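Undergrad: So that we are looking at the same thing, I have put the structure below in structure tokens.
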Amino acid sequence: MVDFANLPKHLEDETRQRELLDIERKLKDHAFPPQLVIENTSICNLTCIHCSHRELIRKKRHMERPLWNKIAEEVGQESPNTEIWPTFYGEALIMGYKNELWERLEYADKVGCKNLVLNSNGTLLDRWDNIDRILNSPLKRFISTACQKTRSSSFARRRSGKRSIRRSSGFAPSASGADRSTRSSSPSSL
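Heads up: the sequence shown at position 49 corresponds to 48 in numbering that gives the first Met the number 0, and the numbers run straight through without jumps.
Structure (structure tokens):
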């Protein structure tokens with residue numbers, strides 16, 4: 000079994016550097032990016048061993064709201080169908096507290112962004128009406144990507160006290176957004 004915690008950091012591994020440069024050489028230029036991954040928050044409630052968040056050295060914080068608005072306005076005007084992922088290293092649902100996430104998504108929709116996608120580790124789905132907010136949001140897709148061990152002892156060791164969420168997926172598109180889909184990497188991850 001691979002010991003992920005002791006693997007070298009991506010950019011310190013010469014083989015990985017070559018692989019990334021090879022990927023970069025194959026990228027195509029576009030008039031406007033077909034996909035934007037925007038880090039609205041770099042704060043995460045987990046320390047997963049497979050995630051590079053553990054290597055993050057800059058300050059963990061939320062993006063200032065005026066910057067998000069400016070990005071959303073430009074995308075809405077220039078390329079409304081660009082796929083926007085409003086998180087990268089952080090856990091988006093942390094911003095569900097006090098409605099900040101949902102207000103940002105509604106604003107993006109209002110200014111013309113038509114392809115909003117949200118990913119989450121799924122641990123905060125049961126807080127702050129997040130499930131209902133997801134189903135009634137302008138999101139095209141919601142993806143929960145919880146990657147955890149199934150044994151409680153392994154989970155506790157890796158997740159520093161976070162509780163395991165074991166629910167079946169009850170997600171379905173809302174009546175007002177029949178074209179949207181909600182998915183989970185597995186029903187037990189919710």
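We put the CB at the ideal spot given by N, CA and C, even for glycine. Just so we're clear, the structure is a prediction, and the values are computed from it rather than from any experiment.
For P85, count the other beta carbons within 10 Å of its own beta carbon; 16 or more makes it buried, fewer makes it exposed. Which is it?
TA: The residue is buried, with at least 16 neighbouring Cβ atoms inside 10 Å.
Undergrad: Would you mind sorting I56 into buried or exposed? The rule is 16 or more other CB atoms within 10 Å of its CB.
TA: Its Cβ having fewer than 16 others within 10 Å, I56 is exposed.
Undergrad: Give, in chain order, every unbroken run of the beta strand (DSSP E) that is at least 3 residues long and sits entirely within the region 8-40.
TA: Here the runs fully enclosed are 34-36.
Undergrad: Could you tell me whether the Cβ atoms of G95 and R132 are closer together than 8 Å?
TA: Yes, they are a contact pair.
Undergrad: Using a Cβ-Cβ cut-off of 8 Å (strictly less than) and excluding sequence neighbours within five positions of M62, which residues of its own chain qualify?
TA: Correct list, in chain order: I37, E38, N39 and T40.
Undergrad: Got a sec, what are the start and stop residues for the beta strand (DSSP E) L115 sits in?
TA: Where L115 is concerned, the enclosing beta strand (DSSP E) stretches over L115 to S119.
Undergrad: Tell me the residue span of the alpha helix (DSSP H) that contains E105.
TA: Run containing E105: E99 to K109, per the alpha helix (DSSP H) assignment.
Undergrad: In terms of alpha-carbon separation, which member of K58, N98 and N5 lies closest to Y88?
TA: Ranking the options by Cα distance to Y88, first place goes to K58.
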